[in-house]
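In our numbering, the protein residues as written are 197 to 410.
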């Protein structure tokens, strides 16, 4: 049976979220885009449970959420200047960056040679990551269902496959933009909250460090 918590007592919700993820079980959390279903990135059983809950195949790629750009150094084997520029301009925020993955990481994110990384803006989510470590995260809905803007949307789709739901109010419903930096030039794989044209300008160094196009 799943539980729903509101943020009336933030400290208690944070503690319960951390302990649930460590069991390890799935937790739905509000993000800066939509509600996301999360799991400990380094627990293969938890990531498998996340895919099952969403109706995804066993090899479906999963995005990894981190708390600080400095964490990229231990996760990605190569960090081109374009990645540093994009992180300076758009992190924390709705931009997912795909980079070559460091060999030997003990996780199952579906893409052993590359990793999709994002630093969200939501303070609760960042505090959870600070304690548990990197989290895999995906929209808290089964593959064919609408994107979850509310916790009720997420519960309707995922039900008791998730142990804990945290209600943080309505979300924007936008998805993150995904940019692939494993190729010679930055390639936008999915345009979302950050315009593709802006990503290309920042990645190419056509705006100042840490700035975004007008």
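Note that CB positions come from ideal geometry on N, CA and C, so glycine has one too.
- When only Cα atoms are considered, residue 406 and residue 257 end up about 29 Å apart.
- Residue environment: residue 330 is assigned as buried (16 or more neighbouring CB atoms within 10 Å of its CB, all protein chains considered).
- Cβ contact annotation for residue 197 (same chain, cutoff 7 Å, sequence separation greater than five): 356, in chain order.
- Around residue 213, the same chain offers 223 and 324 as residues with beta carbons nearer than 6 Å, after the five sequence neighbours per side are excluded.
- DSSP, reduced to helix, strand and coil, places residue 345 outside both helices and strands of the structure shown, so it counts as coil.
- Residue burial annotation: residue 232 is buried, with at least 16 other C-beta atoms found within 10 angstroms of its C-beta.
- The DSSP-derived three-state label of residue 322 is helix.
- Residue 301 carries a coil assignment under DSSP once its states are collapsed to helix, strand and coil.
- With contacts defined by Cβ atoms closer than 8 Å, residue 389 and residue 278 do not form a contacting pair.
- Membership of residue 209 in the alpha helix (DSSP H) is indicated by the continuous run 206-218.
- The DSSP-derived three-state label of residue 330 is coil.
- In this structure residue 351 is buried. Its beta-carbon is surrounded by 16 or more other beta-carbon atoms within 10 angstroms.
- Runs of the alpha helix (DSSP H) lying entirely within the region 256-280, each at least 4 residues long, are 268-271 in chain order.
- Boundaries of the alpha helix (DSSP H) harbouring residue 241: 240-250, taken from the DSSP string.
- With respect to the C-alpha of residue 299, the residue from 308, 292 and 334 having the closest C-alpha is 308.
- For residue 232, the secondary structure class from DSSP, reduced to helix, strand or coil, is strand.
- According to the DSSP secondary-structure assignment, residue 376 is paired through a beta bridge with 294 and 383.
- In the three-state reduction of the DSSP assignment, residue 237 falls in the coil class, being assigned neither a helical nor a strand state.
- The count of Cβ pairs closer than 8 Å, one atom from the region 288-298 and one from the region 236-252, stays below three, leaving the stretches out of contact.
- Between residue 332 and residue 269, the gap from beta carbon to beta carbon reaches 8 Å or more.
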